[in-house]
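Protein chains in written order, with this note's numbering: chain A, 23 to 348; chain B, 23 to 348. Backbone N, C-alpha and C define an ideal beta-carbon position, used for all residues, glycine too.
Number of protein chains: 2
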Amino acid sequence: MRAIEIAQPGRPEVLRIAERPVPQPGPGEVLVRVRAFGVNRPDVLQRRGLYPPPPGASDIPGLEICGDIVAGDAADTGLRIGDIVCALVTGGGYAEYCVVPAGQCLPLPSGLGVEQGAALPETVFTVWHNVFERGRLQPGEVLLVQGGSSGIGTTAIQLAVAHGARVIVTAGSEAKCAACLALGAEHAIDYHRQDFVEAVSEHTGGRGADVILDMVAGDYVAREQRCLAEDGRLVIIAVQGGIRSEFDAGLLMRKRQVVTGSTLRARSVAFKSAVARSLRETAWPWIEQGRMRPVIDAVFDATDVVQAHERMDSGQHIGKIVLRWT
Amino acid sequence: MRAIEIAQPGRPEVLRIAERPVPQPGPGEVLVRVRAFGVNRPDVLQRRGLYPPPPGASDIPGLEICGDIVAGDAADTGLRIGDIVCALVTGGGYAEYCVVPAGQCLPLPSGLGVEQGAALPETVFTVWHNVFERGRLQPGEVLLVQGGSSGIGTTAIQLAVAHGARVIVTAGSEAKCAACLALGAEHAIDYHRQDFVEAVSEHTGGRGADVILDMVAGDYVAREQRCLAEDGRLVIIAVQGGIRSEFDAGLLMRKRQVVTGSTLRARSVAFKSAVARSLRETAWPWIEQGRMRPVIDAVFDATDVVQAHERMDSGQHIGKIVLRWT
């Protein structure tokens with residue numbers, strides 16, 4: 023089969039098509055013929071040599087795929103050979119075939135194409151766990167999404183709105199802000215033009231956000247604390263601003279704030295399968311009702327993976343970048 | 023009535039006996055004739071002018087009392103006039119009479135004297151909420167208590183052990199370590215002689231503590247993070263090391279740690295009453311079964327309040343300092 027490997031750490035040009043053996047599914051696993059796969063920031067970090075795959079994972083990048091089950095054992099999930107599924111994988115998604123634990127597969131929602139299906143897993147698993155399970159966002163509460171126009175951001179906006187929450191976003195341009203508002207955010211802050219601490223405080227009448235979904239960390243944490251409500255939860259899912267963060271322990275106590283975070287990739291199959299079951303019960307119906315749609319920035323042919331990564335690196339995209347095998 | 027007031031911010035000598043009117047209970051409140059009352063670190067901060075009473079609270083210090091109900095309305099709680107109760111108060115405890123919301127009263131556990139009863143409320147309410155509710159300590163998990171020989175510490179050790187958890191403490195001398203071990207801690211670290219990060223890691227086989235109860239904050243936070251287990255919870259209840267704290271957001275994510283904290287004094291009557299109900303169902307039977315006993319360092323006559331505060335300031339005490347009216 024064809025797969026995309028990282029020749030050496032570096033710029034997008036290090037990605038190249040290679041010939042690899044088709045992987046074989048073990049017990050509880052299925053083999054998926056990959057029709058489309060999503061590009062995620064961890065793929066970029068892996069390409070740059072900054073994010074080694076976890077033990078046991080393929081050296082081929084790629085965390086989410088959409089395609090049909092061609093072999094293996096999916097009995098526990100009600101899925102069968104021939105079904106088109108969206109799947110969260112621990113690596114190896116940039117290939118024509120990929121092995122995945124059956125519990126991490128979800129049926130392609132009705133009305134969606136394979137490119138849309140490939141744009142779902144990484145963001146919906148991440149948002150579901152971090153915003154709803156870890157952050158315990160409740161209907162009527164205010165969610166602040168840092169980077170609302172990213173793949174994670176566009177998913178977070180739509181899922182939170184479907185859940186009955188109010189959403190504020192930050193984004194880096196007027197066009198990105200407009201895209202977030204169109205998805206249901208009630209307020210969008212262009213972080214190049216306005217301080218988000220002030221803007222969130224003002225928009226919430228001084229109360230602050232109940233949950234903040236943060237991909238920045240670094241010096242954002244202390245600022246986020248100042249616009250986080252009493253009993254507010256700050257959930258960190260990436261450290262684009264660096265890992266060293268400061269906070270005010272007195273303010274944390276007085277407002278009973280919670281600072282937490284998680285990574286998805288290294289979690290167990292059991293954990294990911296449990297998230298998949300929750301998603302199938304809640305988010306999947308929302309998707310099939312049209313209340314949530316993956317926002318796709320661009321679809322590239324898999325052989326144009328270098329351009330796809332250049333697009334990702336540019337930071338110009340709104341929503342997901344997807345690759346497809348033709 | 024006699025009460026102890028703070029003449030001006032300063033050293034223990036600023037505390038003086040004064041004559042004040044007996045306060046009158048409002049709806050849902052009871053008047054307690056105070057037999058004994060506990061000394062707490064916030065009293066010291068208030069004496070030094072660093073911790074103003076919250077709006078509506080008495081200027082008289084004192085957060086916990088034990089005495090008999092002499093007037094008021096306690097119908098909802100099953101308590102009656104003449105009952106001896108332990109009560110958490112928002113201030114005004116350093117007096118012969120004190121008004122308290124009925125829901126914040128608990129019956130004096132059988133077998134305990136009024137000095138012991140006065141030593142309970144502040145520590146049991148604080149430990150219950152922060153270790154069990156906020157920190158969600160489970161049986162079999164490891165709790166690290168910073169300052170195990172303090173009033174909070176000795177209560178945390180005993181409640182956690184009664185709950186079936188394992189307890190590690192830090193303390194500042196060999197005698198304090200021995201006192202903690204006698205209360206059921208399985209390991210005590212003299213922080214003057216050993217780095218607690220290494221000691222906790224070693225004692226837990228590299229796993230770390232599941233919950234840390236911290237009164238230090240400041241530069242302790244980053245160190246605590248390094249001996250906090252996967253899914254571990256760091257709960258900050260005081261900032262004796264300063265409010266500016268640093269942490270590693272990458273480590274927080276990888277281990278899915280939770281950093282949180284709270285203050286008790288400013289919480290609502292409804293919140294405190296809910297904690298009281300939980301305590302009555304769980305910790306009160308433990309106390310009556312002898313599985314938890316307030317550890318009392320010294321009992322002073324209320325007129326010797328200056329000496330009591332000097333003892334508190336010395337840091338030599340193990341357990342609670344209590345004052346009584348005679």
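Using a Cβ-Cβ cut-off of less than 8 Å, give me the residues of the stretch 242-259 of chain A that come near chain B, in sequence order. Val243, Ile258, Ile259
Proximity of B/Leu165 and B/Val146 at Cβ, strictly below 8 Å: no
Burial state of B/Thr348 (16 or more Cβ within 10 Å): exposed
Tell me which residues share the same chain as A/Ile309 and place their Cβ nearer than 6 Å to its Cβ, disregarding the 5 neighbours each side in the sequence. Pro131
Assuming contact is defined by CB atoms lying nearer than 8 Å, are A/Ala96 and A/Ala58 in contact in what I supplied? no
If we define contact as Cβ-Cβ less than 8 Å, is B/Gln279 a contact residue for chain A? yes
Range covered by the alpha helix (DSSP H) that runs through A/Asp202: Note that residue 202 of chain A is Cys in the sequence shown, not Asp. Looking at the DSSP string, the run of the alpha helix (DSSP H) that includes A/Cys202 is 196-204.
When you compare each of A/Pro143, A/Val167, A/Arg302, A/Gln216 to A/Leu256 by their alpha carbons, which one comes out closest? A/Val167
Across which residues does DSSP place A/Glu163 in a beta bridge pair? Paired residue(s): none; A/Glu163 is not in a bridge.
B/Leu345 versus B/Leu85, B/Pro47, B/Val52, residue with shortest Cα-Cα distance: B/Leu85
Compare the C-alpha of A/Gln126 against each of A/His339, A/Arg313, A/Arg299 and name the closest. A/Arg299
For A/Ile87, which residues in the same chain have their Cβ closer than 7 Å to its Cβ, ignoring the five residues on either side in sequence? Val54, Val56, Phe59, Ala109, Val111, Gly115, Cys120, Ala140
Checking 8 Å against the spacing of the C-beta atoms, do A/Lys276 and B/Thr285 come in under that value? Here residue 276 of chain A turns out to be Arg, not Lys, going by the sequence shown. Their beta carbons are under 8 Å apart, which means A/Arg276 touches B/Thr285 by this criterion.
Distance between B/Ile106 and B/Tyr73 (C-alpha atoms, nearest Å): 30 Å
Is A/Arg69 buried or exposed, if buried means 16 or more other CB atoms sit within 10 Å of its CB? buried
Is it buried or exposed, A/Arg38, if we count other Cβ atoms within 10 angstroms and call 16 or more buried? exposed
Report, in whole angstroms, the separation of the C-beta atoms of A/Gly194 and A/His214, which I expect to be a contact under 8 Å. 6 Å
If you reduce the DSSP assignment to three classes, tell me which class B/Lys342 lands in. strand
Any beta carbon of chain B sitting closer than 8 Å to that of A/Ile106? no
Show which residues of chain A have a CB atom less than 9 Å away from the CB atom of B/Glu268. Arg266, Ser267, Glu268, Phe269
Determine the direct distance from the alpha carbon of A/Ala292 to that of A/Asp81, and round the result to whole angstroms. 22 Å
Step through the CB atoms of chain B and report whether any lies within less than 8 Å of the CB of A/Gly272. yes
So A/Met237 contacts chain B; which residues on that side make the cut at Cβ distance below 7 Å? Simply none; closest approach about 11 Å.
If you draw a straight line from the C-alpha of B/Cys249 to the C-alpha of B/Thr226, how long is it? 9 Å
For B/Val261, return the contacting residues in chain A, with the cut-off set at a CB-CB distance below 8 Å. Ala271, Gly272, Met275
If you follow the beta strand (DSSP E) that A/Pro129 is part of, which residue opens it and which one closes it? 127-129
Where does B/Pro49 sit, in a helix, a strand or coil, going by DSSP? coil
If we cut at 8 Å on Cβ distances, does A/Thr285 have a partner in chain B? yes
Hey, how far is the Cα of B/Pro190 from the Cα of B/His331? According to the sequence provided, residue 190 of chain B is Ile. The question's Pro does not apply to it. Those two C-alpha atoms are separated by around 28 Å.
Identified DSSP bridge partners for B/Gln168: B/Thr192
Would you check if the distance between the CB atom of A/Gly283 and the CB atom of A/Ile259 is smaller than 8 Å? yes
Using a Cβ-Cβ cut-off of 8 Å (strictly less than) and excluding sequence neighbours within five positions of A/Val66, which residues of its own chain qualify? His331, Met334, Asp335
Are there 16 or more other CB atoms within 10 angstroms of the CB of A/Arg33, so buried, or fewer, so exposed? exposed
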